[in-house]
Every structure is written in structure tokens, then in C-alpha cells.
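Single-structure report; data block below.
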């Protein structure tokens, strides 16, 4: 496998930010021509390590060897010269430039663009054919799908003659089909002798694509193993430091009366496009209904209509009482008062105010609640802080500091704050979108348990997720959505991924 | 990213920014052929050296506290109110009319009514831009700028054609009745220990400080303030939380306009004693700089307002006693705004690097 030594060797890399030791004495060797996975929970230090490799940070101590030569990487220009290319989680593309213009940006030769452009066009054509990248060089970025945009990032790196390609959580934004295509590309790159480093916290991706995998935990490297000789269970245990249940344990449901009844629900967006086309379903007490389907087929609009954010038409009753779908009373506040809690799909955009402290976020949406008021005029911030401290303890939010701004928490801990806020209200109906997106494995297990516990307490739950494993293991019933419609209901035991 | 310690961020960054503004101002004064050191000395002594100087500094600062608070409140709701100037004009109209019509009433009746009239008029002037923003999405920056011009035109029309007494030459109202005169600081206990003779700064300073405290309590201690801040940070998230965007936009802008309008107590009722054109004299725009420099926090606004009061008064002294034109104070203000507002990030990055280097050498020493 390793034909000719190591592409990258890190020896004893340490990096501290103030009191936080982000990387502690990390050593790892990546053989040339392999796909090497780096896996670990959020905050384990993966991104810091890669930032050191790409010249964003300088290590406090330690040594970097590229192709066997000790190399210092003070900035990203040096990283590029050393043959390292990076594809970030959030793309760094100019939205209104074409693919070609984005690829040469920063690598122009001379003041006039014409020569660089024609050269790049030829190189791009070769690269596209060679690696199945399949991108139109004259397409404007904003017209491309996320998967294509990511391929442009890969092209950018290859155009700069990268031999080592680092991808940071590349599949977080991709559909399953796009992710499969990406992995085919990566395997193609490996077969051509390139070295690929794949940073992720998804075990399945590691198992499917990598040759070797290194596991990080709390700033240290806890081990490097051959992927073929390990199992998801073993990796999860290495990542978290204890045994983790990858499957959700739940008893058969005890279903009660109908809590939510949706008839012919439709949503038209601000551009006049009909996003949700007459959806009907019921959810009973003690039942989890999972909505499966590729993102963008009306699931978000369904959650927003029920959560009082989007205007809708149709008929929705909660415990027999009809909910207004537009006009007065069709807002988040009235929905909460009616007994609906909502964990939104995009916690950073909707569910939290990132600049607010944790305790301010715990009040978010419930700032009118009587227990948070001191008197008619003022809020009781002390009571709020105390309540936040209790929730943080119960949901094991780390660090358990109520006065820390939301943006300082890792994704998993942010999500725990949102879930704690919504679940602890004991709603009759919980709307929960992408409950574990960007959340690490230990926290996933915890959040899943909370959802099941709420179900077992006889509440109704509407679950939307792009993770089919999650839908299958949590739901009691699955509705498959496509193009704004429910295509049918499935039993979770007998559903497979293609559906 | 390495980060600055909190104290350095709050204290050192503005200080260094000010210092850099002062250095450039010094260079300009030098080019004008005057001694920068002498000029700064003159500014300092003119603004802080005498009772009268301090009185003027605080008088200007009072104006800037109101307009700074006005801009800050709107900013927390994510709205950039450029219209404090116009709102202050119309606030002056409200206050002025109360003083003209009810000026003979007892002082304890006139003052609250004048405050109220200033606030209500300022708020009323903010109402239309606010409504257009909340209902139609017309950008508040554009509409409030337009409303500044309209306010100025309306005021000139009223002063020339309606409110000007017969036979008077200048476009202004008649003098307000004697009874409307506000107590100046030399007439107020505790302050009279320092101020022994008449100064322009008056009881409005105390109202301004109370307003600053009120704004702080509103924003950080009430549900409304919570909703305003949440809405300002993220409109979508606010909608998720059930916060009504229309309501918050209206309330925040009306509060903002009311604060700007209340400035009229100081300049119209307190200082001029009648309603003049251009009475706000740019305070509405300086309020933007004050809010920016004060990080939109009431305490910061008060401190920044005092600094700008100092610049305003010191600049006037320069114009009076040197060949440096009075417009120099606009230059100095511009530099202060440039460095504390626009180049704030540059100064912060610079300091962050210095701090990081310092820390690096310390740990390196520790390692040896």
C-alpha cells in the first residue's frame, strides 16, 4: 500500500490556546497514496491539527515532515507550495464568479487574465476527465449544487498541484448520492497516487472509504489502525473513551389518542413556489413519526408551518383544537403556548442567538414564561441562570457555564442547549429537525435517548432528518417525502436506504 | 484565533485608537503652521481648564448622550437610525411649542410636559420611516436620511412663516417665557460645589444620565429589551421564537426617535431659550459616532459623549484663539470616528499580535 514512505509525518505536535491544550504531543504518519481518516468528536482537536498543517496556526512544539523532509509551514502559501490542498467545510468560493475564475483566483500568472484562463481551461479539462469531476468551467458558482461547488474546491487544490488533499467534514452538506460520488472521486485520486486526509465524525464514511484511520480524543491521538481491521464499535469507543450504543434501544410503542392531525397542509414560499403540496398525516401520543427524504423536498417547510414560522393552508389540529395557519396566532409564541416545542433544523440560524449567552438562549422563545419574571417589569435573570445551570447539569452540557456565549460551545453542546430548552417544557408535540447534525457521537446517543424518553412519556414527536440511520432507528413510523408530497408510509424494520 | 484579554479590548483599543487620531491631527495642525502641542494644550485648557469650559463640554455631552442612546437603541434592534438629527429638530419643535404656549405655567408642570413633547415629537418623526421599514421593507437608512432633510425644511418653513413674531428679522420663535429657564448646574446642589458661576450645562444632564440608565435597564433587564436584542441579532431566529418583527421594529424606532427628540430640552429649552433653525447642529450625526465608539452600551455612550463634548468645546477654543479654522474640530472628530469606528479592527489586530508576541516570549522563557 505505502509505495515509498510517508506523505505526511507529524511528530510531537502540541498547540495550546491560553489554558486550553488543543493538541497534545500528536504524532501520526500518513503513507503516500492512501486515504487516511482522522476521526474524533467535536473539539477533539482535529481542525486545530489540520490548521497547523495548512499554516493557519503555528504549533508550540513538534515537527512536520512532508515527503520525508522537515518543513515549516508559516502560512497557507507555504502549505500550497509543499503540495497540500485543503477543502474546507464552508467553501471559499466567489459566488458570482465562474468555475474557471474561481480556480485561478490567487494563482493568476501576470496582470492579464486571458493567458491564465486559457491555460486553466485546458488543465481543468484534463483534471475533470481524469478524476470524474465533471464540472462545467463556465458555470457560475451560485448556480451549482453544493456537491458541484465542493468539486470546484477540489479542482482548485489539484490545479495548484496538490499531492496531499485534506477534506474537513466534506459530507456534512451533501446528499447521500453526492457523498457517494465524492468518495468515488477520492478513491480515484488515491489510485492516481494522491494522498487524501479525510476529517469526519461519521463512522460509516470512515469504514467505507479509508485505508487507515487515526482517532483523536481531547487533544491527543489515541490510536491509528488499519480500517479493515477495526469496527465502528471499536472506533466509537476509542473516540468517546467508553462503550457507545450505536443502535437506539427502545421498547415497542404504547400509542394513545391522536395528538396531531394534519390535513392537506400546503406551503407556498415568498417566490410563489409551492413547497409543500397538500400533506396529510396523524401522530398519536407515544409515537415518533420520522420524515425521510432528500433535503429540500418540503421537510423544512413542514416543520416551519407547524412551528408557526411559515404561513400555510390546510387544517391542523392539536389535541382536537384547530391551530391557525396564517394571520394572528400563527406564530412561534402561540404554538409554544399550545404545547408544541420545536427544535429547528438549523440551530445556529434559528434555534440560538449565537452572540447571546447560554442562559439568554435558554429563555429564547420562552422569555415570557412566568418563572423567568421578577415582576411585571423586569425579567428574573438570576432565576434564568439557575435554571440554565440545572439544565446544563441534566443534559451534561460542557462546559457548564451559563454565562458563556452560545458560539463558544461545540455543535453538540449547542444542540443540547436547544434540546434541553424544548424538551424540558414537556410539550405535547415535539418538532425536531436534524437532531444530531454536526453533533458528536457521545452526544448523539444522549439526544436519541432524550427523544425516546419523551415518546415513552406519552408525547407525540415529528422527526425530520437526512440521516436515514437515524430515522430508521428512532421512528415508529416513517413517511417518505418527495417534491412536497408524502409518497407513502413505511415500517422502519423493512425500509432500506434507496427508498 | 488568539484573543485579547477583555480589559485590553475595552480600554486599550479605544485609547490606542484615540492616540493615533491625535497623532494624525497633530500632523495636520503642524502642516497648518501651528504647534500641535500648543494646540492640544489649548484644547484641553479650553474644554477642561475653566468652569465655563467644563460647563460647555458637559452641555455638548448632554446632547450627544441623547443622540448616542437613540442610535444605540435602534442598533440593538438591527436598525441603523441616521435620522437622529431630524428627530431632534422635530423634538425641538414639540418642546418649543410647549414652552411658548404653556411657558407661564409652574415650572414643575412645564418641564415634564416639555420632556414629553420632545420625546413624542421625536418619536412621531421616526414613525413613518419605522412603519415603511416594518411593513414595506424600505431601508431605514435611506428613509431616515430623507426625513432629516424634510425635518429641516419643515422647521424653516414654520420658523419663517408661522412661528416668527412680527417684526423679528431672524427665523426663530420668540423668546420663551422666563419661567421655562432650566436650572443650570451651578444652581443644583452638589454640582454647585464645583460650578460657582453660570454655565450652559443644566439639569438636562441628569435627565440624560437617567435616560442612559433607563436604556440599560430596558435592554438588559426586560422582556422587551430581550426581544429587541434577539431581533437585532437575527430576525429569522426571532421569528422562530415568536417575536413579532413589526412590533419590535416600531417600538425600537419610536424609542430611538423619542431619545433623539428629548435632546431638545437641553439645546432648545435649556440653552437657546427659543427655537432656532439648525438647533441640533449636527448632534444627531455625532450620535452615530458616539454610539459606535461606546459599543452601543449606555455606559460607553456616556463616556464617548463626554469625549466628543470635549472635542467640540476644545475645537471651538482652537477656532477662537488660533489661526486654525474652527472646521479643524470636524477634522478631529472625523479622525476619531475613523480610528475608533472604522479602523477599530485594525488596532485590535495590531494589539492582538503584540499581546501574542509578548505571551510567546514569556512562555518561551518559562520553557528554558
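Chains as they are written, first to last, in the numbering used here: chain L, 112 to 610; chain H, 25 to 392. Backbone N, C-alpha and C fix where the C-beta goes; we use that ideal spot for every residue, glycine too.
If you scan the region 178–207 of chain L from start to end, which runs of the beta strand (DSSP E) of 3 or more residues do you find wholly inside it? 195–198
Considering only residues of the same chain and omitting the five flanking positions on each side of residue 301 of chain L, which have a CB-CB separation below 7 Å? Within the first chain, residue 301 of chain L is the residue found at index 190, counting from 1. Result list for residue 301 of chain L: 144, 145, 146, 307, in chain order.
Give the DSSP bridge partners of residue 120 of chain L, in chain order. As a first step, residue 120 of chain L must be located in the first chain, where it is residue number 9. Residue 120 of chain L is bridged to L:140, L:176.
How about residue 51 of chain H and residue 371 of chain H: are their beta carbons less than 7 Å apart? Numbered from its first residue, the second chain carries residue 51 of chain H at position 27. Numbered from its first residue, the second chain carries residue 371 of chain H at position 347. No.
Is residue 87 of chain H helix, strand or coil when you go by DSSP? As a first step, residue 87 of chain H is located in the second chain; it is residue number 63 there, counting from the start. It is helical.
Only counting the same chain, and skipping five residues up and downstream in sequence, which positions put a Cβ closer than 7 Å to that of residue 112 of chain H? If you number the second chain from 1, residue 112 of chain H lands on position 88. So the list reads 91, 146, 284, 285, 287, 288, 304, 307, 308, once near-sequence residues are dropped.
Residue 147 of chain L in three-state terms, based on DSSP: By 1-based counting over the first chain, the position of residue 147 of chain L is 36. In this structure, residue 147 of chain L counts as strand in the three-state DSSP scheme.
Taking DSSP as the reference, what is the three-state secondary structure of residue 214 of chain L? Sequence index remark: in the first chain, residue 214 of chain L carries index 103 (1-based). Three-state result, residue 214 of chain L: helix.
At a CB distance below 9 Å, what residues from the region 242–274 of chain H approach chain L? Give them in sequence order. 244, 245, 246, 247, 249, 250, 251, 253, 254, 257, 258, 260, 261, 262, 263, 264, 265, 266, 267, 268
Under the three-state DSSP convention, the category residue 429 of chain H falls into: There is no way to answer for residue 429 of chain H, as the model of chain H reaches only from 25 to 392.
Quick one: which chain H residues come within Cβ less than 8 Å of residue 462 of chain L? Here residue 462 of chain L refers to the residue found at position 351 when the first chain is read from its first residue. Chain H residues near residue 462 of chain L: 261, 264.
How is residue 267 of chain H classed by DSSP in three states: helix, strand or coil? Taking the second chain and counting its residues from 1, the one referred to as residue 267 of chain H is at position 243. Coil at residue 267 of chain H, not helix or strand.
Assuming residue 249 of chain L and residue 211 of chain L make a contact with CB atoms under 8 Å, what is their CB distance in whole Å? To locate residue 249 of chain L, count along the first chain from 1; it is residue 138. To locate residue 211 of chain L, count along the first chain from 1; it is residue 100. Yes, residue 249 of chain L and residue 211 of chain L are in contact; Cβ-Cβ is about 7 Å, under 8 Å.
Extent of the continuous alpha helix (DSSP H) to which residue 493 of chain L belongs: On the first chain, residue 493 of chain L is found 382 positions in, with the first residue counted as 1. 492–505 is the span of the alpha helix (DSSP H), which, as asked, contains residue 493 of chain L.
When the Cα atoms are used, what is the spatial distance from residue 135 of chain H to residue 226 of chain H? Residue 135 of chain H sits at position 111 when you count from the first residue of the second chain. Residue 226 of chain H sits at position 202 when you count from the first residue of the second chain. Approximately 13 Å between the Cα atoms of the pair.
Return the chain-ordered list of same chain residues with a C-beta closer than 7 Å to the C-beta of residue 494 of chain L, the five sequence neighbours on each side being excluded. Taking the first residue of the first chain as 1, we reach residue 494 of chain L at position 383. Result list for residue 494 of chain L: 482, 483, in chain order.
Which residues, taken in chain order from the region 467–479 of chain L, show a beta carbon closer than 9 Å to some beta carbon of chain H? 467, 471, 474, 475, 476, 477, 478, 479
Report the residue from L:325, L:175, L:283 whose alpha carbon sits nearest the alpha carbon of residue 193 of chain L. For the purposes of this step, residue 193 of chain L is taken as residue 82 along the first chain, with counting starting at 1. Of the candidates L:325, L:175, L:283, the one whose C-alpha sits nearest the C-alpha of residue 193 of chain L is L:175.
Given a cut-off of 7 Å, decide if residue 311 of chain H and residue 108 of chain H are closer than it, judged by their beta-carbon atoms. Numbered from 1 along the second chain, position 84 holds the residue referred to as residue 108 of chain H. Numbered from 1 along the second chain, position 287 holds the residue referred to as residue 311 of chain H. In contact: residue 108 of chain H and residue 311 of chain H (Cβ atoms closer than 7 Å).
Using a C-beta to C-beta distance shorter than 8 Å, which residues of chain C count as neighbours of residue 419 of chain L? Chain labels in this structure do not include chain C; the protein chains are L and H.
By the three-class DSSP mapping on this structure, what secondary structure does residue 575 of chain L have? As a working note, residue 575 of chain L is residue 464 in the first chain. Note: residue 575 of chain L maps to strand in three-state DSSP.
I'd like to know whether the C-beta atoms of residue 54 of chain H and residue 464 of chain L end up nearer to each other than 7 Å. Indexing the second chain from 1 puts residue 54 of chain H at position 30. Indexing the first chain from 1 puts residue 464 of chain L at position 353. No, they are not a contact pair.
Relative to the alpha-carbon of residue 89 of chain H, which residue among H:237, H:206, H:43 has its alpha-carbon at the smallest distance? Along the second chain, one-based indexing puts residue 89 of chain H at 65. Taking only the C-alpha atoms, the option nearest residue 89 of chain H is H:237.
Report all residues from its chain with a CB closer than 7 Å to the CB of residue 320 of chain H; omit the five preceding and five following residues, and keep chain order. On the second chain, residue 320 of chain H is found 296 positions in, with the first residue counted as 1. Cβ within range, chain order: 96, 99, 100.
Do the region 319–337 of chain L and the region 224–238 of chain L touch if we need at least three Cβ pairs shorter than 8 Å? no
Closest residue to residue 544 of chain L among L:533, L:221, L:161 (Cα-Cα distance): Within the first chain, the letter at position 433 stands for residue 544 of chain L. Residue 544 of chain L has its Cα closest to that of L:533, out of L:533, L:221, L:161.
Are residue 81 of chain H and residue 71 of chain H close, meaning C-beta to C-beta below 7 Å? What you label residue 81 of chain H is simply residue 57 of the second chain in a count that begins at 1. What you label residue 71 of chain H is simply residue 47 of the second chain in a count that begins at 1. Closer than 7 Å, so yes.
Taking only runs of the alpha helix (DSSP H) that begin and end inside the region 94–123 of chain H, which ones reach a length of at least 4 residues, in chain order? none
Contact under 7 Å by Cβ, residue 294 of chain H with residue 206 of chain H: Translated into positions along the second chain, residue 294 of chain H becomes position 270. Translated into positions along the second chain, residue 206 of chain H becomes position 182. Yes; because the gap between Cβ atoms is below 7 Å, this pair is in contact.
Span of the alpha helix (DSSP H) around residue 426 of chain L: What you label residue 426 of chain L is simply residue 315 of the first chain in a count that begins at 1. Segment 424–429 is the beta strand (DSSP E) holding residue 426 of chain L; no alpha helix (DSSP H) there.
Could you name the residues of chain H that residue 442 of chain L contacts, counting a contact when the two beta carbons are closer than 9 Å? Sequence index remark: in the first chain, residue 442 of chain L carries index 331 (1-based). Chain H residues near residue 442 of chain L: 263, 266, 267, 268.
Comparing alpha-carbon positions, which option in L:136, L:244, L:264, L:242 lies nearest residue 252 of chain L? Here the question's residue 252 of chain L lines up with position 141 in the first chain. It is L:264.
Rounded to a whole number of angstroms, what is the C-alpha to C-alpha distance between residue 260 of chain H and residue 252 of chain H? Mapped onto the second chain, residue 260 of chain H falls at position 236. Mapped onto the second chain, residue 252 of chain H falls at position 228. Residue 260 of chain H and residue 252 of chain H: Cα-Cα distance of roughly 13 Å.
CB contact check: residue 455 of chain L to chain H, cutoff 7 Å: For the purposes of this step, residue 455 of chain L is identified with residue 344 of the first chain, where counting begins at 1. True, the Cβ-Cβ gap to chain H drops below 7 Å.
Runs of alpha helix (DSSP H) wholly within the region 216–246 of chain L (minimum 4 residues, chain order): 224–242
In the DSSP output, which residue or residues are listed as bridge partners for residue 369 of chain L? For the purposes of this step, residue 369 of chain L is identified with residue 258 of the first chain, where counting begins at 1. L:395, per the DSSP bridge assignment.
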